[in-house]
């Protein structure tokens, strides 16, 4: 047919002309397949169930077991006709769920709404077995509303139609993305011209045969009634195929001319990607299957598209493939060695980076990088955290220490208050270390699983990312061609790139007025970025969104903290026992660490996953805690003498003896001297101010068989309806009858601590605007916005010479809160042991402490250091930080005096004016309708002090709350093989070296100070500075030995120091 005269379309706008083109493309899609036939007869089987027949169109016979016990298995046979040989036959499936497709036992790839077609081999004339393992769920975990065998057919594509469709789809989408650009009109005209050249069927029978495929964009399934019988769809005739070839040739010629007029603008380096949340709206068991589906899809696409490259983070995911699917892992490894499949991130998982402790982040990198090195021969050079909800300022140093110099995320583009100002910049950590950081903004969400880091090779996505890329304008490029990074593929639930995306890549790689495209490795992209004259961002990368993840699923937070501390205690005890030659059986903690690291994933620890995830995670972490305790106690008492107790101090600083003896009846002895003891809940409380447990050492206590029995003397609780008082030589604490702290008077400083009722418990209705488990509203920052709990009962529990305790009970609707205030005889720390039995929904519980202290800034502990944040709301950035992360303490100090708020398992904090707030609990309903239901136990404490937090060593007080002196039966004394003097350092870890050679000591400067540290080691001990991977440090010099067994090091603010101790070879 003749080409249309452009003058005949003068009355149509470009948008209307594009609409016409879309209609024509719909018609072309109806002729995509030359012919096809259905696979009607199948069998169906759930795990442990009987084999059942299933016919095309029928629903699944069973649904529930296919989720709880594993995937259902579908089987059928397909026999391709002889005439199909060598013509690219395909299998098309829609089973109403997500699955993995096999042909003759070989995996073809994952099955989901975006991956439905699979190439078939050139095997004709004999049956081939099709097997599908599927669950009745979508990519995002949602149940299939009607799981049934909807589509199952073998198809022979009309190659010329498919090729022209790809050409025109790219062209039409590019014209739409270039709206208003002169090139758009040229592209529209080129498409119109190509379509006009087609010799297309017009016979009624030909159209009626294609009705089930839809025609012109209309869904024929909505018609009142389709004809009872339809003619067989016939393939195009040869002259019609020839017109397709001619149209393509003319279109390509026209595109070359358009490209000469409007050459490509910009350049994007592409990397295939399948962001796979290791748990979120599905349990971990399903993630393992999702991982296999994704890798199978990717590897099969690599066989078909030689330019395709792909990146995948998380050593845990690769380890699952290695353990469960060794053949698949071998293919993964081959592609990694070729450079086309790139392990990125260098971490065990993509963890939360706000609540995860410093040593846990170090282990994420240690185990992640060591795994990549051992399996693939290379470590990652780029940290990959696209979806993590904010980043501690400690990360740059840890990344550098693990050999990583680049950092990638897109999450900061999600800020709801201000746009983050940079997408190419140096990120400088709290110690001064820098990593090169890059992000991109992709605000196009064109389909479920597409948008942000899950890009599509589609003009709308590519143009949006390039247009938003501020870094391309930096003078740092110095005339060189700026390039940006773009990741593509269906993600969050896995899936990854599609063949359609890669077909579009082939056409868009050098397209008119569009970014030039090339596939590249992520590390090569970071290598090409400029280093000079880039902006610098100092400190934490705070996400102005998802603040509720600091508090959702409170039990997982508390278990996470306990697991971190128990593992560190166990490793220290184990390392010291091994150093002294003791043999501790069954003491490997690597599996326990990896369980903890998995459960730090950025949708598990933040509390944003479904119930099934926490039904698995909570017992797993409880098991980690129990195992660490057993290993710790066994190592502490290896070779111990009978009777008595060993008290272990897992810290770098000596601590005053103050401990709970759980099984004692009478006061213990030390060196023949009876120690002061008091019967308390759970055992005997022992306090000896003159006895100090050495750092990383122990002392022993002996039982006194002739001593007075004290356990029976524990007094019964005494009701105190009018309030109660706890006091020692340092503090006087008055508990009001409503349960709040009426007064805390600091006797040493002679000043009031509180400016109003302290520990005021307030319940707020919790209705975030968007993501329920993720977000929290700013109106929960002022106690006046909620309902204050009023105690229903006060009891004096302990009134002894060593410790006092008052229990306060609350009832609010269907829930109970029990808090026990405790004050030791010499302590400045008022503990609030808290037990919750919670049965409310969409309610948030906070504790408020109005303090008699004024400061424009408050300090919040983070991994291996402290962040300081404003206590005012002067600027938008300040107002956006209304809920922030702190690990074990936050502090408000003025000149000469301050107050720290400590905790052993809570992370969401606020500091507004002179009031500190701590979020105790949330109870969202999505994605877990029973989140935070039931019992919780944790402790927080108020610590008034002279000076600021650093002078008062608030971090040590917080460490003591989380990791008190450890008591185990039996008597064994030891001393650490080293001693630190000078600038005080905090212990991160003392552990056996990964290679078995000696011990690894990791310590850090916790106060933001600079100075010299002297290490004194035992005779015959060699000291080496190493990095996080326990290799000789690439840039720090070896410690200078000033005398036999003495080494001096200069340590900077918040610096992390890792040392290897091993016997000298001579």
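In full-length UniProt numbering, the protein residues as written are 1 to 1066. The C-beta atom is built at its ideal place from N, Cα and C for all residues, glycine as well. Note that the structure is predicted; figures quoted are calculated from it, not measured.
Look up residue i in the DSSP assignment and say whether it is helix, strand or coil.
i: residue 679; result: strand
i: residue 444; result: coil
i: residue 985; result: coil
i: residue 1035; result: coil
i: residue 150; result: coil
i: residue 217; result: Because residue 217 carries a pLDDT of 49, less than 50, the predicted location of this residue cannot be relied on, and no value is offered for it.
i: residue 1055; result: coil
i: residue 421; result: coil
i: residue 600; result: coil
i: residue 380; result: coil
i: residue 1046; result: strand
i: residue 537; result: strand
i: residue 887; result: coil
i: residue 715; result: coil
i: residue 356; result: coil
i: residue 953; result: coil
i: residue 595; result: helix
i: residue 832; result: strand
i: residue 1062; result: strand
i: residue 871; result: coil
i: residue 401; result: helix
i: residue 1002; result: strand
Mark residue i as exposed unless 16 or more other C-beta atoms lie within 10 angstroms of its C-beta, in which case mark it buried.
i: residue 890; result: buried
i: residue 872; result: exposed
i: residue 217; result: Interpretation of residue 217 is limited by its pLDDT of 49, a score under 50 that renders its predicted location unreliable; no figure is taken from the coordinates.
i: residue 862; result: buried
i: residue 282; result: buried
i: residue 133; result: buried
i: residue 767; result: exposed
i: residue 55; result: exposed
i: residue 348; result: buried
i: residue 466; result: buried
i: residue 895; result: exposed
i: residue 367; result: buried
i: residue 40; result: exposed
i: residue 786; result: buried
i: residue 446; result: exposed
i: residue 260; result: exposed
Among the options, which has the Cα closest to the Cα of residue i?
i: residue 709; options: 732, 804, 664, 694; result: 664
i: residue 356; options: 887, 306, 589, 426; result: 887
i: residue 556; options: 410, 460, 291, 906; result: 906
i: residue 15; options: 41, 88, 178; result: 178
i: residue 1105; options: 64, 158, 164; result: Since the first residue shown for the chain is 1 and the last is 1066, residue 1105 is missing from the structure and cannot be characterised.
i: residue 105; options: 73, 728, 27; result: 73
i: residue 722; options: 794, 975, 102; result: 794
i: residue 1105; options: 806, 910, 479; result: Nothing can be reported for residue 1105: it is not among the residues displayed for the chain, which extend from 1 to 1066.
i: residue 839; options: 932, 592, 976, 704; result: 932
i: residue 784; options: 915, 637, 336; result: 915
i: residue 984; options: 273, 1005, 1001, 968; result: 1005
i: residue 964; options: 473, 775, 698; result: 698
Going by DSSP, name the residue or residues bridged to residue i.
i: residue 1075; result: The chain is shown from 1 up to 1066; residue 1075 falls before or after that span and cannot be answered.
i: residue 666; result: 709
i: residue 115; result: 112
i: residue 179; result: None, per the DSSP bridge assignment.
i: residue 806; result: 796, 821
i: residue 426; result: 436, 536
For the ligand GTP, is there any heavy atom lying closer than 7 Å to the beta carbon of residue i?
i: residue 1018; result: In the structure shown, the ligand GTP is absent, as is every other ligand, since no ligand is present at all.
**OP:** Could I get the ranges of all uninterrupted beta strand (DSSP E) runs contained in the stretch 718 to 788, with 3 residues as the minimum, in chain order?
**Re:** 724 to 727, 731 to 735, 741 to 746, 760 to 765
Original post:
Residue ranges of each alpha helix (DSSP H) run of no fewer than 4 residues wholly in the stretch 892 to 941, ordered along the chain?
Top reply: none
Original post:
Mind pulling the beta strand (DSSP E) runs of 3 or more residues that sit fully within the stretch 472 to 528?
Top reply: Qualifying beta strand (DSSP E) stretches, in chain order: 484 to 488, 516 to 519.
Original post:
What runs of the alpha helix (DSSP H), each 4 residues or longer, lie entirely inside the stretch 261 to 347?
Top reply: You should have 284 to 304, 315 to 324, 326 to 338.
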